[in-house]
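Q: Sharing a structure here in structure tokens format.
Residue numbers (the working numbering), protein chains in the order written: chain W, -9 to 554; chain S, 2 to 124.
Structural data, given as structure tokens:
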């Protein structure tokens, strides 16, 4: 923060120093033209030297503050000498011009009292000379007074820039808080409060943000909005260029059934994205305040627009995930509903068993005959129920409708695969240093590809890595090895062999796969998902460690690859 | 003759059980009235029935499900004689409390057992 403010003072110094030197150039030009009446050729030469002087000053300033002041003084002295040569005589005006650089460099220095000198010295001299009656000298004090005004302007400008910088810093840190991310509209309170502070306070009542996709939608605002409408959406300008901004006055917006004539709009366009319109309610402000408002708010709104676009895209991703989750939930609900269905359909079977039991113990022939009639009726009913149950079971077991099918794979680079693994590793707080990577010489990560299903692989990694996190005993590690044909992931961790009896054998034993599903759910899922993706997976163990090895076929970019 | 109201939308699945019990154990003296939806119930006559069987789930187009019917009966027809709940939910008693059913009722779980039916009608 201090570093940024120091840099700011350098910028302020540069900015004001440039204004000062332009002023000196113009003052000199005025003196030459009015008091010496020199020819046009000499004036042109003077202007050329002026431009070189200002240009060199700018370049010298870029070297830094310490170099600035001595270099500036030398440049100023040379310029003054050139002016004196052109001016051709020594009088009070040339004396004033000669003193200006010294006065200017003192006032523009980093000395604490410099800005006070800039005003108090000329004002004091002005008062003294007028009291004493040396009126002729007053016109000579005026150039120094103008320097003082330039310095004062620089001070106000710097304070205003500091205010903007503080708001910018606040914005940068605002969105690192989880609570603020969920309530992004709260940033407006910070902006409004900071802008109201001196110097040059800008009083803003409220800020609202609208998203322009086909039409204008309210995104958020500093005040709660129950209802809104635009009286005429066609009055809005075309989209501004990317990073450009269009300012519009008197936005025809009715908020909470209130229409104001003081809504001012700032439209910002996002590259390959929508336009955000920030509507500011600042009341009736003067021209200067409006100008300051436009200059200040544009910086913040450009930043905010990008943040909101990022937020919006995140929400869209979340929405996709929720849709996927909803589909899975529907499947689970269908499964539960099917169980209820089965229960009902089993009633005829239970009835049949009871009637048969009665029949076995019945001795009366008439009653036996009646029981048999009921049995035949029940068998017919059972046949119908049986068919309905089979159909319902088929619906559930049809793989194409189940949510956990990962046969469809896509091409991913090695970098993308490793990013996925690392993310999961970090999520479970495992040490980065336990990952070893062994790639081939020419591999850069972008040209080496593997095929897998993103969600399926994510579940496999999450499943195994979470088990490492929960159950490892002692050390753990991951090795990513690339050879000529494959990319191999080797997970290893210490384990308590007494608690994992049969664990390893279960994975490899297809003869008991359906049975083992009931005991080792996660393991069954890993095997199932890898099998679906046609990826080789193997679990093994020794006395101390358990290993999962996943082998993916490698495709290098200059070879033909095909999606599954 | 005992009057029996059966509020069940899938009566076809349990019909043989009810008819068997009626003919083989009660000499067809049970007079069954079957409705599939709550709007088909004549609530004003509900206290005239000797037995009322209520399926919890009922048909999609019913105005009240089984819980709704039980609440309606508890609230307005406290003098019903005998009410039995039919359900496939093993934890029905906890659920009934959660749904605001005050009394405890006899429960027959599906698939229905003929012997359970017989015991109910014997009492």
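Beta carbons are placed, not taken as given, at the ideal position from N, Cα and C, and that holds for glycine.
Between residue 439 of chain W and residue 385 of chain W, what straight-line distance do the alpha-carbon atoms span, to the nearest angstrom?
A: So the two alpha carbons sit approximately 37 Å from each other.
Q: Going by other Cβ atoms of all chains shown within 10 Å of its Cβ, with 16 needed for buried, is residue 441 of chain W buried or exposed?
A: The residue is buried, with at least 16 neighbouring Cβ atoms inside 10 Å.
Q: Do the region 511 to 526 of chain W and the region 450 to 459 of chain W touch if we need at least three Cβ pairs shorter than 8 Å?
A: Yes: at least three Cβ pairs fall under 8 Å.
Q: Between the alpha carbons of residue 471 of chain W and residue 172 of chain W, how many angstroms are there, rounded?
A: Straight-line Cα distance between these residues: approximately 41 Å.
Q: Taking the beta carbon of residue 6 of chain S as the centre, do at least 16 other beta carbons fall within 10 Å, making it buried, or is it exposed?
A: Buried: at least 16 other Cβ atoms inside 10 Å.
Q: Figure out for me which residue from W:39, W:7 and W:5 has the closest Cα to the Cα of residue 18 of chain W.
A: Residue W:39 is the option with its Cα nearest to residue 18 of chain W.
Q: Would you say residue 549 of chain W lies against chain S (beta-carbon separation less than 8 Å)?
A: Its pLDDT being 49, under 50, residue 549 of chain W is placed unreliably by the model, and the measurement read from it follows with that caveat. Output row for residue 549 of chain W: interface = no.
Q: If contact means a Cβ-Cβ distance below 7 Å, which residues of the region 26 to 54 of chain S contact chain W?
A: Residues passing the 7 Å Cβ filter: none.
Q: Can you give, in chain order, each stretch of the beta strand (DSSP E) that sits fully within the region 149 to 211 of chain W and has at least 3 residues?
A: Listed in chain order, the complete beta strand (DSSP E) runs (minimum 3 residues) inside the region 149 to 211 of chain W are 196 to 203 and 205 to 211.
Q: Would you say residue 366 of chain W reaches chain S, if we count a Cβ-Cβ gap shorter than 8 Å as a contact?
A: Chain S contact via Cβ: absent.
Q: Whose C-beta lies closer than 6 Å to the C-beta of residue 2 of chain S among residues of the same chain, with five residues either side of it excluded?
A: 30 and 32.
Q: Cβ closer than 7 Å: which chain S residues qualify as neighbours of residue 340 of chain W?
A: Within chain S, the residues near residue 340 of chain W are 112, 113 and 114.
Q: Helix, strand or coil, according to DSSP, for residue 10 of chain W in the structure here?
A: Helix.
Q: Taking only beta carbons into account, state which residues of the region 60 to 91 of chain S come closer than 7 Å to chain W, listed in chain order.
A: Per Cβ criterion, the list reads 89.
Q: Taking Cβ positions only, does residue 8 of chain S come closer than 8 Å to chain W?
A: No, residue 8 of chain S does not count as interfacial toward chain W.
Q: Quick one: grab the DSSP three-state call for residue 134 of chain W.
A: Note: residue 134 of chain W maps to helix in three-state DSSP.
Q: In the structure shown, what three-state DSSP assignment does residue 80 of chain W receive?
A: It is coil, neither helix nor strand.
Q: So which of W:303, W:461 and W:270 has the shortest CA-CA distance to residue 287 of chain W?
A: Checked all of W:303, W:461 and W:270; the closest Cα to residue 287 of chain W is W:270.
Q: Using a Cβ cut-off of 8 Å (strictly closer), state whether residue 24 of chain S contacts chain W.
A: Yes, contact with chain W.
Q: Between the C-alpha atoms of residue 267 of chain W and residue 398 of chain W, what's the straight-line distance to the nearest angstrom?
A: Their Cα atoms are separated by approximately 41 Å.
Q: Report the rounded CA-to-CA distance for residue 92 of chain W versus residue 67 of chain W, giving the unit in angstroms.
A: So the alpha carbons of these two residues sit roughly 9 Å apart.
Q: Which residues of the region 321 to 335 of chain W have a Cβ closer than 7 Å to any Cβ of chain S? Give them in chain order.
A: So the list reads 330, 333, 334 and 335, given in the order they occur along the chain.
Q: Does the Cβ-Cβ distance between residue 81 of chain S and residue 70 of chain S come in under 8 Å?
A: Not closer than 8 Å, so no.
Q: Determine, for residue 351 of chain W, whether the minimum Cβ-Cβ distance to residues of chain S falls below 8 Å.
A: So, not an interface residue.
Q: Taking the C-alpha atoms as reference points, what is the distance between residue 550 of chain W and residue 529 of chain W?
A: Caution is warranted here: a pLDDT of 44 is assigned to residue 550 of chain W, below 50, making its placement in the model unreliable, and no coordinate value can be reported.
Q: Hey, does residue 14 of chain S have any beta-carbon neighbour from chain W nearer than 8 Å?
A: Residue 14 of chain S counts as touching chain W.
Q: Is any beta-carbon of chain W found at less than 8 Å from that of residue 11 of chain S?
A: Yes, contact with chain W.
Q: Using a Cβ-Cβ cut-off of 8 Å, state whether residue 561 of chain W counts as contacting chain S.
A: Because chain W is modelled from -9 through 554, residue 561 of chain W falls outside the range shown and cannot be assessed.
Q: Between residue 32 of chain W and the rest of its own chain, which residues show a CB-CB distance below 7 Å, the 5 nearest in sequence each way excluded?
A: Excluding sequence neighbours, residue 32 of chain W sits near 76.
Q: Can the beta-carbon of residue 177 of chain W be found closer than 8 Å to that of residue 303 of chain W?
A: Taking 8 Å as the Cβ cut-off, residue 177 of chain W and residue 303 of chain W do not qualify as a contacting pair.
Q: Beta-carbon of residue -9 of chain W versus every beta-carbon of chain S: anything under 8 Å?
A: Residue placement at residue -9 of chain W is poorly supported in this model, since its pLDDT is 41, which falls under 50; the coordinates are not used for a value here.
Q: If I follow the unbroken beta strand (DSSP E) through residue 476 of chain W, where does it start and stop?
A: Taken as a continuous stretch (DSSP letters only), the beta strand (DSSP E) holding residue 476 of chain W covers 476 to 484.
Q: Given that residue 337 of chain W touches chain S, what residues does it touch there, using C-beta distances under 8 Å?
A: By Cβ distance, chain S contributes 14, 15, 18, 111, 112 and 113.
Q: What whole-angstrom Cβ distance do residue 576 of chain W and residue 18 of chain S have, given they're in contact under 8 Å?
A: Any answer about residue 576 of chain W is impossible in this case: the structure gives chain W only from -9 up to 554.
Q: What is the DSSP secondary structure of residue 418 of chain W, counted as helix, strand or coil?
A: Reduced to three states, the DSSP call for residue 418 of chain W is coil.
Q: So what's residue 513 of chain W in DSSP terms, helix, strand or just coil?
A: DSSP places residue 513 of chain W in helix when its eight states are reduced to three.
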